[in-house]
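Student: 98 is the number that full-length UniProt numbering gives to position 98 of the sequence shown; each next residue is one higher, with no gaps.
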Amino acid sequence: MVNEAAPARFAAVGAGRMGRGIAIAFAYAGHRIALIDLRTRSEEAWQRLRSEAQAEIEGSLAGLAQLGVLDADQARSIAARVELVPAADAPGALAGAELVFEGVPETMEAKREAFAQLNRHCSAGAILTSTTSSILVTQLAALVKKPERFLNMHWLNPAYVIPVVELSTHPATDAAVLARTKALMEQIGKLPVVCGPTPGYIVPRLQALVMNEAARMVEEGAATAEEIDKATRYGLGLRFAALGVVEFIDFGGADILHHASREMSASIDPARYAAPAVLDRMMAEGRLGLKSGSGFYDYDGRDVGAYRRDVLARTLGMLRHAGLWRPPAHETLP
1 MVNEAAPARF
11 AAVGAGRMGR
21 GIAIAFAYAG
31 HRIALIDLRT
41 RSEEAWQRLR
51 SEAQAEIEGS
61 LAGLAQLGVL
71 DADQARSIAA
81 RVELVPAADA
91 PGALAGAELV
101 FEGVPETMEA
111 KREAFAQLNR
121 HCSAGAILTS
131 TTSSILVTQL
141 AALVKKPERF
151 LNMHWLNPAY
161 VIPVVELSTH
171 PATDAAVLAR
181 TKALMEQIGK
191 LPVVCGPTPG
201 YIVPRLQALV
211 MNEAARMVEE
221 GAATAEEIDK
231 ATRYGLGLRF
241 AALGVVEFID
251 FGGADILHHA
261 SREMSASIDP
271 ARYAAPAVLD
281 RMMAEGRLGL
291 KSGSGFYDYD
301 GRDVGAYRRD
311 VLARTLGMLR
321 HAGLWRPPAH
331 ETLP
């Protein structure tokens, strides 16, 4: 890992697992990135952290090489683009960064201390983000000197593999800053999605419900962990890899979800399975999705036949990827 004369355009603050994953993502895309430790440490402690971070970054890249994604020379070149920066050198690295990711421990005290340093050392034009998974963007915006240039950014682990990054904005986030952040993330091959200041972002909020329900099913003896995992990988997961969750509601029909919610609310749990008010309104208005011409999406003027073929093609693609697609059998003669 090398130290170039010019500062890196990107900086990840906090040299833990998330910071290391972000560093790999940018380095893989060809960018130099500073991985900054803000905590003042002894020389021995810093060298230990540095060695741990280097080992994890190199190990992650070696794993990709073993899977044929890259070769050993490429892995070394990628790792060399990550500059590990101790606290003493943090001001210079922060001053030259145009996009900064805060990834210190999940406490307001740690965030407050980190943003105090970012406020002092980052340029006025820098975009600041927090990778917090639990603290609302509206809470953290108060810690930032220029809140219009701040938003939360939630990465999904492993950060250098999963394409989606969730951008959570607050009312004062500048639209141009959001557009610039999205563009920068797209340039490194990421797929940014935007949500407001909501707990759990999008993915964690959805997956927590699924994971809790799976754990309950094991606890109740409804099915084994192995059977649940088979059902989710090749049933639930495969379908939701081909269609988005809301798209899936429209495709099957809001009435299907409404009736299923009513039955499971009565037989399993009235609170967990109660249909939301928006679903009741859609039923009353006849907005059932694709079958009625409108639902969460508007299908007016859309070639429904072509859309259905596209959904089928996506699904077949996932089946082939999973190795589960079978050609038609020859007729069995008596």
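Where a beta carbon is used, it is the ideal one built from N, C-alpha and C, also for glycine.
Taking 8 Å as the cut-off, decide whether the C-beta atoms of ALA322 and LEU238 are in contact.
Tutor: A contact, by the Cβ cut-off of 8 Å.
Student: Measure the C-alpha to C-alpha separation of HIS121 and ILE268 and round it to an integer number of angstroms.
Tutor: Rounded to whole angstroms, HIS121 to ILE268 spans 54 Å at the Cα level.
Student: For GLY19, count the other beta carbons within 10 Å of its own beta carbon; 16 or more makes it buried, fewer makes it exposed. Which is it?
Tutor: The residue is buried, with at least 16 neighbouring Cβ atoms inside 10 Å.
Student: How do the region 8–23 and the region 83–97 stand: do at least 3 beta-carbon pairs fall below 8 Å, yes or no?
Tutor: In short, these stretches touch, since the Cβ pair count reaches three.
Student: What number of angstroms, rounded off, separates the C-alpha of GLU263 from the C-alpha of VAL165?
Tutor: For GLU263 and VAL165, the distance between alpha carbons rounds to 35 Å.
Student: Pick out whichever of SER134, ALA284 and ARG50 has its Cα sitting closest to the Cα of THR198.
Tutor: Comparing Cα positions, the closest option is SER134.
Student: Rounded to the nearest angstrom, what separates SER292 and GLU213 at their Cα positions?
Tutor: Taking the straight line joining both Cα atoms gives about 31 Å.
Student: So LEU143 and PHE115 are supposed to be a Cβ contact under 8 Å. How far apart are they, rounded?
Tutor: Going by Cβ atoms, the distance from LEU143 to PHE115 rounds to 4 Å, so yes, they are a contact pair.
Student: State the beta-bridge partners of residue 343 as determined by DSSP.
Tutor: Not covered by the structure: residue 343. The range shown for the chain is 1 to 334.
Student: At what residues does the beta strand (DSSP E) containing VAL69 begin and finish?
Tutor: Looking at the DSSP string, VAL69 is not in any beta strand (DSSP E), and its letter there is neither H nor E.
Student: Flag this pair as touching only if the region 244–255 and the region 274–290 have three or more C-beta atom pairs under 8 Å; answer yes or no.
Tutor: Contact between the region 244–255 and the region 274–290 is present, because at least three Cβ pairs lie under 8 Å.
Student: Give me the residue from LYS146, VAL278, ALA126 and ALA223 with the minimum Cα distance to LEU184.
Tutor: It is ALA126.
Student: Go through its chain and collect everything with a Cβ distance to SER220's Cβ below 7 Å, but skip five positions before and after it.
Tutor: Reading off the sequence shown, one finds Glu at residue 220, where the question assumed Ser. Excluding positions up to five away in sequence, the list is empty.
Student: For ARG17, I'd like the list of residues in its chain whose CB is within less than 6 Å of its CB, leaving aside the five on either flank, ordered along the chain.
Tutor: Contacts found: none.
Student: Would a C-beta distance cut-off of 8 Å place ALA23 and ILE57 closer than the cut-off?
Tutor: Against a cut-off of 8 Å, the Cβ pair of ILE57 and ALA23 comes out as a contact.
Student: On the three-state DSSP scale, how would you describe THR40?
Tutor: Correct three-state label for THR40: coil.
Student: Using CA coordinates, which residue listed in GLN54, LEU209 and ALA75 is at the minimum distance from ALA271?
Tutor: Answer by Cα proximity: LEU209.
Student: Starting from THR129, follow the beta strand (DSSP E) in both directions and report where the run begins and ends.
Tutor: Where THR129 is concerned, the enclosing beta strand (DSSP E) stretches over 127–130.
Student: When the Cα atoms are used, what is the spatial distance from TRP325 to ARG233?
Tutor: Each residue's alpha carbon lies about 15 Å from the other.
Student: Assign PRO147 to one of three DSSP states: helix, strand, or coil.
Tutor: PRO147 falls in the helix class under three-state DSSP.
Student: Out of curiosity, what's the CA-to-CA distance linking GLU113 and VAL13?
Tutor: Roughly 12 Å between the two C-alpha positions.
Student: What did DSSP end up calling LEU99 once you bin it into helix, strand or coil?
Tutor: Here LEU99 sits in strand by DSSP.
Student: Please work out which residues of its chain come closer than 6 Å, Cβ to Cβ, to THR173, disregarding the five sequence neighbours upstream and downstream, and give them in chain order.
Tutor: The residues are LEU151.
Student: Let me confirm a value: SER168 is counted as buried when at least 16 other C-beta atoms fall within 10 Å, else exposed. Which label applies?
Tutor: SER168 comes out buried.
Student: Could you check what DSSP says for residue 364 in three-state terms: helix, strand or coil?
Tutor: Here the chain covers residues 1 to 334 and nothing more, so residue 364 does not appear.
Student: Using the C-alpha atoms, what's the distance from GLN207 back to ILE228?
Tutor: Distance between the alpha carbons of ILE228 and GLN207 is about 15 Å.
Student: Quick one: Cα of SER130 to Cα of PRO171, how far?
Tutor: In a straight line, the C-alpha of SER130 is about 16 Å away from that of PRO171.
Student: Determine the DSSP secondary structure at ALA274, reduced to helix, strand or coil.
Tutor: In the structure shown, ALA274 sits in coil (DSSP, three-state: anything other than H, G, I, E or B).
Student: Which residue from LEU312, LYS190, VAL82 and PHE296 puts its Cα closest to that of PRO158?
Tutor: Residue LYS190 is the option with its Cα nearest to PRO158.
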